[in-house]
Structures are given as structure tokens and as C-alpha cells.
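Numbering (the numbering used here), first residue to last: 134 to 512.
Quick reminder that beta carbons are idealized off the backbone N, C-alpha and C, glycines included.
Since this is a predicted model, take the numbers as computed values, not measurements.
Read the structure below first, then the notes.
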């Protein structure tokens, strides 16, 4: 499984969760359990097999234990359920089931959802893939002064599942959002916004998350969606719930559902897998020459998928979550920016003179070098 596919499973809420089918237990546990022996094993921990749910669409994060009343949630791997690491999860579930979840009972939402930690995937009571589902169940019990901030942090963690929020939960949250002010614009003015689309993306007409930066949206369309689509729209300032300005925050514009007008598809170079090779042929020589320089800019090397896959599954998740929280991109991002620039320059059919072409390449590449100057190599 690719690193990108695994990270998408970690940071999205499965829309296809169903009670764990009895017939799949031998396969998912690699012969360790039948449904009845798994039921008995969980009963020994004081846990209920009816609270196991399965995601048919996921390839790695497939089985979840979810007890919303007790606030007892976990990601389980049935084939290693008797391992030391998984038994720690079972002990935690047992404690929460029998004695209650202290963070939930004391309404410590920062600890319960891991709102202020970069290691949110392993250090919280609710794994990110089911945080939206848990919030939907208990938003009414969250203090009004904490509700919007709690929702916003979960939204930032979970990147591709905004269609999973309950409508009534969003209405309550957005009613408590502080007003957004943008310099030079009134509440009735429009802001042009952009949205990169992937195959997991919610329809643009009802989507919450956009960007004020076409570059950010285009990067998402290329990286997450393989160039699937770039949408453009306009939204009134009064319909913006939050504006997370800055490249580190992806210039994210969070809007009320259905408030974006004049939605249209940007005319982009098709970057499908089928057409990529033809578009890149004319760029290869210059990409190799400039790529040698990019390799020396001080960016960290990419994570080796082979190295990750050698680790036990829970350690894999820890390692990947660490990589997801880095503040700098690795060198493959720089090479990707360079290649996309060259592809655009050579294939867009824009009437660029040679001077224009050189300026475009130099400016974007020089911007990359400026970012590299700010990035500290990891060592």
C-alpha cells in the first residue's frame, strides 16, 4: 500500500462502516480467530463484539471498536490482536468501559480529541478516522465557548470527509463561529476561491473547504487527485466561517455549505496518469539538469515505503503520523513543483516569449530555493 493511500485512510472518516461481518473474521484475522472465538476473546476483556465495525473500502485501517456511550474507541488489527501493542489498546478499552473515560467525563476535549498535539493519531481517545462520528454524537454536550474550536481542530485533522458531518451539528457550530474580517473587503463583498478535487472529494457545491490560493488548490488536485479537477467559485465574506491565512495553513477558506456561487471548472492541462508521460517528454532533459540542483537544497529525503512496511503495523502508524506532522516538505515535493512548472511552460500553449519562459521558471524555482533556505534538514 502506498504511503499516500495510507495517509488518506488515517486522515479521512470511512463512509462505508458496517457491523463486522461474521464471515470475514477468519480472513481479517489471518486464521487466528473465527467469529465465535473472537467473541469469546473480547468477552474475556469485558468488550462487546457488536461494537466492532468494518470498512470495506479501506485496505489497512479496516476494523474499529466504537462505543460512543463509554467513549471507548480503537483501531484494531485482528491478526495481531494478541500482541503486546494491541493488548494495550484492549486494556484501555476495558478501563473506559468499566470505569469510564476520564477525559470524556471531565469534558477535557483537548485530551479526548488530541486537539493540541501533533501526535494526535496515537495519543488520543478517538482515532481520527472516527472523530467526526464521535463529534456528531456528542456536540450538544460540548460547552458553547469550546464548540467551534473543537470542531475546527477536528476539521483540520480530517482532510477529506466533510460530507460526514451532521447538518444540525454544522448549523450549531457555525452559529458560534466568530465573524471573519478580510482587509479591504466588506461582509457583502465576494472572494474568489479555489478547490482541488480528488476521487474522495465532496461535491464542490456543498463542500466546506476551499482555498484563496490557486497554487494550493492545484497542488491538491495534482497530488491527491492526479489532476482530476480544479474548481473556482466566489463566496461572500459573511458566508466564510474561518479563514486560515498563510501557506502553512493552506490559505484555507471554510464556508457555509451551499454558499459558493459561480462554480466552474478551470481549464487545466490534463494530468491524468495516461497523459502524463506524453506531457513530460519535452521536459526531461531540463528536469534532470535542474533536478540535480534541487537535490542539494537541504530538504529531507522521502520516507521509504519499504522501510515503513518492515515495521509492525502499530509502529507503522506511529512512524507515518510523525511524517505527516513535519513542517517541511521532502525533496520529492520540490522535484514535483519543478516538473509541473516545466510541463506547464512547455505544454500550456500560452504565448510565452523565451524571456517570459525563463522568468516563469526562474521565479518559481527561486521561490522553492527560498523555502529551502528556511527549511532545516532533518537529522
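Counted within 10 angstroms of its Cβ, other Cβ atoms place residue i as buried (16 or more) or exposed
i	result
residue 264	buried
residue 371	exposed
residue 326	buried
residue 215	exposed
residue 273	exposed
residue 428	exposed
residue 340	buried
residue 207	buried
residue 267	buried
residue 198	buried
residue 238	exposed
residue 261	buried
residue 219	buried
residue 234	buried
residue 204	buried
residue 421	exposed
residue 342	buried
residue 142	buried
residue 301	exposed
residue 229	buried
residue 334	buried
residue 287	buried
residue 224	exposed
residue 512	Summary for residue 512: the model assigns pLDDT 32, below 50, so the residue's position carries little reliability; its value from the coordinates is reported in the next sentence. So residue 512 ends up on the exposed side.
Cβ-Cβ separation, residue j to residue i (assumed contact under 8 angstroms), whole Å
i	j	result
residue 277	residue 324	That pair is no contact at about 28 angstroms.
residue 377	residue 367	Actually they are not in contact, since the Cβ atoms of residue 377 and residue 367 sit about 19 angstroms apart, beyond 8 angstroms.
residue 306	residue 280	6 angstroms
residue 161	residue 192	About 12 angstroms; that fails the 8 angstroms criterion.
residue 338	residue 396	6 angstroms
residue 291	residue 144	6 angstroms
residue 166	residue 211	6 angstroms
Rounded C-alpha distance that separates residue i from residue j
i	j	result
residue 389	residue 317	21 angstroms
residue 227	residue 185	14 angstroms
residue 474	residue 169	57 angstroms
residue 285	residue 419	43 angstroms
residue 154	residue 179	20 angstroms
residue 415	residue 345	31 angstroms
residue 152	residue 182	9 angstroms
residue 149	residue 296	12 angstroms
residue 347	residue 477	15 angstroms
residue 248	residue 231	25 angstroms
residue 201	residue 270	7 angstroms
residue 314	residue 242	27 angstroms
residue 336	residue 391	10 angstroms
residue 275	residue 331	32 angstroms
residue 411	residue 479	11 angstroms
residue 282	residue 379	19 angstroms
residue 472	residue 289	29 angstroms
residue 240	residue 373	28 angstroms
residue 164	residue 140	27 angstroms
residue 217	residue 312	49 angstroms
residue 320	residue 303	21 angstroms
residue 173	residue 394	55 angstroms
residue 177	residue 213	17 angstroms
For residue i, the residue or residues it bridges with in DSSP
i	result
residue 532	What is shown of the chain runs 134 to 512, which leaves residue 532 out entirely.
residue 385	344, 377
residue 210	Paired residue(s): none; residue 210 is not in a bridge.
residue 397	365
residue 186	152, 197
residue 205	200
Neighbourhood of residue i by C-beta distance below 6 angstroms, restricted to the same chain and skipping five residues each side
i	result
residue 244	236
residue 175	182
residue 189	149
residue 222	207
residue 365	327, 397, 399
residue 171	158
residue 322	370
residue 299	269
residue 353	329
residue 417	none
Cut-off 7 angstroms between Cβ atoms - residues of its own chain near residue i, not counting five sequence neighbours on either side
i	result
residue 351	329, 363
residue 259	206, 245, 246, 267
residue 349	383, 384
residue 424	468, 471
residue 147	188, 190, 191, 262
residue 375	285, 310, 313, 387
is_contact[residue i, chain D] using C-beta, thresh 8 angstroms
i	result
residue 282	Of the protein chains in the structure, only one exists, and it is not chain D.
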